[in-house]
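Novice: Mapping of the sequence shown onto the numbering used here: residues 12 to 249, in sequence order.
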Amino acid sequence: MDTQNMAETESKPRIGDKASSFRAITTQGEINFPEQYSGSWVILFSHPADFTPVCTSEFITFASMAERFAEINCKLVGLSVDGLYSHIAWLRNIKEKIEYKGMKNVEIKFPLIEDITMEIAGKYGMIQPSESSTKAVRAVFVIDPEGIIRAIIYYPLSLGRNLDELYRVIIALQTGDAFSVATPANWQPGDEVIIPAAGSSEAARERMEEKQDMTCYDWFFCTKKIDKEEVMSTILKK
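(1) For E118, I'd like the list of residues in its chain whose CB is within less than 6 Å of its CB, leaving aside the five on either flank, ordered along the chain.
(2) Taking 7 Å as the cut-off, is the beta-carbon of E203 closer than that to any non-hydrogen atom of the ligand PLP?
(3) Could you say which of N173, L95, P200 and N197 lies nearest to D126 if we only look at CA atoms?
(4) Pull up the distance between the alpha-carbon of E78 and that of P64, whole angstroms please.
(5) Beta-carbon within less than 6 Å of F44's beta-carbon, same chain only, minus the 5 sequence neighbours each way: which residues are those?
(6) Expressed to the nearest angstrom, what Euclidean distance is found between the alpha-carbon atoms of C85 and M225?
(7) DSSP on Y165, reduced to helix/strand/coil?
(8) Are there three or more Cβ pairs, one per stretch, closer than 8 Å when the region 233-240 is compared with the region 192-204?
(9) By how many angstroms is the C-alpha of T245 removed from the C-alpha of Y135?
(10) Spell out the partners DSSP gives Y111 in its beta bridges.
(11) Just confirm the distance between the C-beta atoms of T67 and L123, as a whole number of angstroms; I'd bet it's less than 8 Å.
(12) Leaving aside the five residues before and after L55 along the sequence, list all residues of the same chain whose C-beta is less than 6 Å from its C-beta, in chain order.
(13) In this structure, does DSSP put L247 in helix, strand or coil?
(14) Would you check if the distance between the CB atom of A162 and the CB atom of V180 is smaller than 8 Å?
(15) In the DSSP assignment, the alpha helix (DSSP H) including V192 goes from what residue to what residue?
(16) When the distance is taken between beta carbons, is S49 closer than 8 Å to G158?
(17) Given G187, which residues of its chain have a CB within under 7 Å of its CB, disregarding the five upstream and five downstream residues?
(18) Quick check: the Cα distance between D93 and Y228, rounded to an integer number of angstroms?
(19) Taking 8 Å as the limit between beta carbons, can you name the residues of its chain near I160, skipping five residues before and five after?
(20) Roughly how many angstroms separate the alpha carbons of I164 and N104, rounded to a whole number?
(21) Determine the burial state of T72: buried for a count of at least 16 other Cβ atoms within 10 Å of its Cβ, exposed for fewer.
(22) Looking at the strands, I want to know which residues DSSP matches up with L90.
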């Protein structure tokens, strides 16, 4: 890897990093990110361009789920390298003309950032030249109430995101924080969660022998049940 590529790789945000700060003009006015979102989870996501079909399907779906995200204390913030007037015209077009999967008259109320200089997109690693040097890929950054990046997901230009999965990611992260557990593959609220590994041989032995309110597949792999109602009531109270 050459020096330039190494520098670009090292400058990209990583899980556990503090989200980089910026001020930006958006369709909902100026924002100060992430400071003004302190206390809330945030999905910061980029899209390649306005007036494109995959992006339109995503924005309609994001908007239709905005209240569900709000219920779990999560706010949405979009970004592309298009200008503000293009954003406004596109969002108006969506509301006035587009019906998709039964969703129509959809108003996009979350902010869409203008980034014609690509400064923010560059700061967050949203421009990936092998895919496009003039458009942002479909990047997703999940940022917690303390402004820490907790998850990063990248999609190519041609692949629309699964928003139910992004919703699941937020709930899974909140569940892990609230109950000090991990979540296994395909986890959904109400499924078993993974208990942290035993900290000593004696603890591992006791866990395998007693098992209490858990299921142990081996000494390092034990799960327990947390009811969906308990998970969601804990999350919705936050």
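From the three backbone atoms N, C-alpha and C, an ideal C-beta is built for every residue, glycine too.
The structure presented is a predicted model; accordingly, all values stated were derived computationally and were not measured.
Specialist: Put simply:
(1) Position 107 of the sequence shown, counting from 1, holds the residue named residue 118. Answer for E118: K106, listed in chain order.
(2) Among the components of this structure there are no ligands whatsoever, and the ligand PLP is therefore not found.
(3) Here residue 126 corresponds to residue number 115 of the sequence shown, with the count starting at 1. The shortest C-alpha separation from D126 is found at L95.
(4) Walking along the sequence shown from the start, residue 78 turns up at place 67. Walking along the sequence shown from the start, residue 64 turns up at place 53. Taking the straight line from one Cα to the other gives about 23 Å.
(5) Here residue 44 corresponds to residue number 33 of the sequence shown, with the count starting at 1. Cβ within range, chain order: F33.
(6) Within the sequence shown, the letter at position 74 stands for residue 85. Within the sequence shown, the letter at position 214 stands for residue 225. Using only the alpha carbons, I get a separation of about 31 Å.
(7) Here residue 165 refers to the residue found at position 154 when the sequence shown is read from its first residue. Note: Y165 maps to strand in three-state DSSP.
(8) yes
(9) To locate residue 135, count along the sequence shown from 1; it is residue 124. To locate residue 245, count along the sequence shown from 1; it is residue 234. In a straight line, the C-alpha of Y135 is about 32 Å away from that of T245.
(10) As a working mapping, residue 111 is identified with position 100 in the sequence shown. M114, per the DSSP bridge assignment.
(11) Sequence index remark: in the sequence shown, residue 67 carries index 56 (1-based). Sequence index remark: in the sequence shown, residue 123 carries index 112 (1-based). About 13 Å separates the two Cβ atoms, so there is no contact after all.
(12) As a working mapping, residue 55 is identified with position 44 in the sequence shown. Once the five neighbours on either side are set aside, the close Cβ partners of L55 are V88 and F152.
(13) Against the sequence shown, residue 247 aligns to sequence position 236. Helix, per DSSP.
(14) Here residue 162 corresponds to residue number 151 of the sequence shown, with the count starting at 1. Here residue 180 corresponds to residue number 169 of the sequence shown, with the count starting at 1. The answer is yes: Cβ separation under 8 Å.
(15) Position 181 of the sequence shown holds residue 192. It is not in any alpha helix (DSSP H) - V192 carries neither H nor E in the DSSP assignment.
(16) In the sequence shown, the residue the question calls residue 158 occupies position 147. In the sequence shown, the residue the question calls residue 49 occupies position 38. Against a cut-off of 8 Å, the Cβ pair of S49 and G158 comes out as a contact.
(17) To locate residue 187, count along the sequence shown from 1; it is residue 176. Excluding residues within five positions, the ones whose Cβ falls inside 7 Å are A193 and T194.
(18) Residue 93 sits at position 82 when you count from the first residue of the sequence shown. Residue 228 sits at position 217 when you count from the first residue of the sequence shown. So the two alpha carbons sit approximately 51 Å from each other.
(19) Residue 160 sits at position 149 when you count from the first residue of the sequence shown. Taken in chain order, the residues that qualify are P24, R25, I26, G27, D28, K29, A30, F152, V153 and I154.
(20) Here residue 164 corresponds to residue number 153 of the sequence shown, with the count starting at 1. Here residue 104 corresponds to residue number 93 of the sequence shown, with the count starting at 1. The alpha-carbon atoms of I164 and N104 are separated by roughly 28 Å.
(21) Indexing the sequence shown from 1 puts residue 72 at position 61. Per the 10 Å Cβ criterion, buried.
(22) Walking along the sequence shown from the start, residue 90 turns up at place 79. According to DSSP, which records beta bridges pairwise, L90 is partnered with S57 and I124.
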